[in-house]
Amino acid sequence: MKKISFFALTLLLICFIWHNSLVDAPHSTAVSRQVLAFLNRALAMLTISQPLALTEHLVRKAAHFTEFYFLGSALFSTVYAFGKRRTAFFLTVIIGGFVAVIDEHLQLYSPGRSSQVSDVFLDSGAVLTAATALQLVVYWLRNKK
């Protein structure tokens, strides 16, 4: 059951990521601006002195990283649950990188959107970060006494 759950979560995250890439530029920008406004209001309430302000660019990049960090976590868990413990890290990074390349390629078919090689690196870095964190947890759990 755990295998199926992790696999389903991984597929749902990939669908979510790719769906976001197929949204046209005006709608994508509108969503980013809504998130930006919400975060800036929250920061203004938390900041005592000079208010911090996020930019749309930063929010978009953080969204990329967050999506792919969750994907990396789900991918690692899926591969690990299917018994590929020795190769879980590498398979996660390879599959996650492949998903990132497809993600950017899909944006070429969305009106007003473009593909960025830097986003592939950012997305792959998020997968790598998640895989590294989980690999360290596995190592720690195996070696704690």
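Numbering (this note's numbering), first residue to last: 3 to 147. Note that beta-carbon positions come from the ideal geometry of N, C-alpha and C, so glycine has one too.
Restricting to runs no shorter than 4 residues, where is the alpha helix (DSSP H) found entirely within the stretch 78-133?
Complete alpha helix (DSSP H) runs here, min 4: 90-109.
Taking the CB atoms as reference points, tell me whether CYS34 and GLN109 lie closer together than 9 Å.
According to the sequence provided, residue 34 is Ser. The question's Cys does not apply to it. In this structure, GLN109 does not lie closer than 9 Å to SER34 by Cβ.
Which runs of the alpha helix (DSSP H), 4 residues or longer, sit entirely within the stretch 18-69?
27-48
Are at least three pairs of beta-carbons, each pair with one atom in the stretch 107-124 and one in the stretch 58-70, less than 8 Å apart?
Touching, per the Cβ criterion.
Grab me the residues of SER112's own chain with a C-beta within less than 6 Å of its C-beta, minus the 5 sequence neighbours each way, in chain order.
Within the same chain, SER112 has close Cβ partners LEU24, ASP26.
On the premise that PHE72 lies in contact with LEU15, defined as a C-beta separation below 8 Å, what is that separation, rounded to the nearest angstrom?
Yes, LEU15 and PHE72 are in contact; Cβ-Cβ is about 6 Å, under 8 Å.
Within 10 angstroms of the Cβ of VAL81, are there 16 or more other Cβ atoms? Answer buried if so, exposed if not.
buried
Helix or strand or just coil, what does DSSP make of LYS146?
The answer is coil: DSSP assigns LYS146 none of H, G, I, E or B.
Taking all protein chains shown into account, do 16 or more other C-beta atoms lie within 10 angstroms of the C-beta of SER116, making it buried, or fewer, making it exposed?
Its Cβ having fewer than 16 others within 10 Å, SER116 is exposed.
Could you tell me the alpha carbon to alpha carbon distance between PHE100 and ALA44, rounded to whole angstroms?
35 Å
If you draw a straight line from the alpha carbon of LEU41 to that of LYS5, how long is it in whole angstroms?
36 Å
At the level of alpha carbons, what is the spacing between LEU143 and LEU130?
20 Å
Relative to the alpha-carbon of LEU77, which residue among ASN145, LEU60, VAL95, VAL61 has its alpha-carbon at the smallest distance?
VAL95
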